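What follows is a single structure, written as structure tokens, with notes after it.
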Amino acid sequence: MDTVSKKKRSEIMSRIRSKNTRPEMIVRKYLSSKGYRYRLHDKRLPGKPDIVLKKKKIAIEVRGCFWHGHNCKLSSYPKTNRKYWKNKINNNKKRDKKNDKLLRKIGYKLIIINECKINKKINF
Ligand SMILES: [Zn+2]
4 MDTVSKKKRS
14 EIMSRIRSKN
24 TRPEMIVRKY
34 LSSKGYRYRL
44 HDKRLPGKPD
54 IVLKKKKIAI
64 EVRGCFWHGH
74 NCKLSSYPKT
84 NRKYWKNKIN
94 NNKKRDKKND
104 KLLRKIGYKL
114 IIINECKINK
124 KINF
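The sequence shown begins at 4 in this note's numbering and counts up by one.
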């Protein structure tokens, strides 16, 4: 049984789901400081990559470990509704895989940055 109320749950999830997540902001700041110009969440590309360097044909995905099933300590399932979450995360992973493939097919290089690595130095 789920011990967290529905309202509380959606509150928690909307916080996790928000678009301009902190790790993404860190990457964006870093890119700006290096003088890169980029697009955000480009709908014309498979999977709407978080950050796109169009001229260089590079897409950068900043992935929350939980949502993308990174298998690190940040990605453990909630204690309740495990089955639901497992299913959901698995679907996310499948979708990631599909989009990654499509992106590469049209000549993009994809850089995936996992949330748990964001505090370490970023190397491009
Ligand atoms: Zn991780």
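C-beta atoms are modelled at their ideal positions from N, C-alpha and C, and glycine is treated no differently.
No experiment lies behind these values; they were computed from the predicted model shown.
Report yes if the C-beta of residue i is less than 7 Å from at least one heavy atom of ligand 1; otherwise report no.
{"i": "L77", "result": "yes"}
{"i": "E118", "result": "yes"}
{"i": "H73", "result": "yes"}
Measuring straight from C-alpha to C-alpha, what distance separates residue i and residue j?
{"i": "L34", "j": "R40", "result": "8 Å"}
{"i": "N74", "j": "C68", "result": "7 Å"}
{"i": "W70", "j": "I92", "result": "6 Å"}
{"i": "K120", "j": "K37", "result": "20 Å"}
{"i": "R25", "j": "K32", "result": "11 Å"}
{"i": "I61", "j": "R47", "result": "14 Å"}
{"i": "N102", "j": "S78", "result": "21 Å"}
{"i": "K104", "j": "N90", "result": "21 Å"}
{"i": "K112", "j": "V55", "result": "10 Å"}
{"i": "K10", "j": "M28", "result": "27 Å"}
{"i": "S8", "j": "K108", "result": "43 Å"}
{"i": "L106", "j": "K76", "result": "28 Å"}
List the whole-angstrom C-beta distance separating residue i from residue j, where the pair is believed to meet the contact cut-off of C-beta under 8 Å.
{"i": "I63", "j": "P52", "result": "7 Å"}
{"i": "V30", "j": "I116", "result": "6 Å"}
{"i": "K57", "j": "R42", "result": "6 Å"}
What residues in its chain sit with their C-beta under 7 Å from that of residue i, if we drop five residues either side in the sequence?
{"i": "N126", "result": "In this prediction, N126 has a pLDDT of 49, which is less than 50 and means its spatial position is unreliable; nothing more can be read from the coordinates."}
{"i": "W88", "result": "Y80 and P81"}
{"i": "N95", "result": "W70, H71 and G72"}
{"i": "K97", "result": "none"}
For residue i, I'd like the list of residues in its chain whose CB is within less than 8 Å of its CB, leaving aside the five on either flank, ordered along the chain.
{"i": "H44", "result": "K22, K51, P52 and D53"}
{"i": "R66", "result": "H73, D99, I115, I116, N117 and E118"}
{"i": "M4", "result": "Note that M4 has pLDDT 49, beneath the 50 cutoff, so the model's placement of it is unreliable and the number below is only indicative. Around M4: T83."}
{"i": "G110", "result": "K60"}
Answer yes or no: does any C-beta atom of chain D fall closer than 8 Å to that of residue i?
{"i": "I29", "result": "The structure shown contains no chain D, having only a single protein chain."}
Contiguous beta strand (DSSP E) assignments of at least 3 residues, all confined to the stretch 45-77: 54-56 and 61-66
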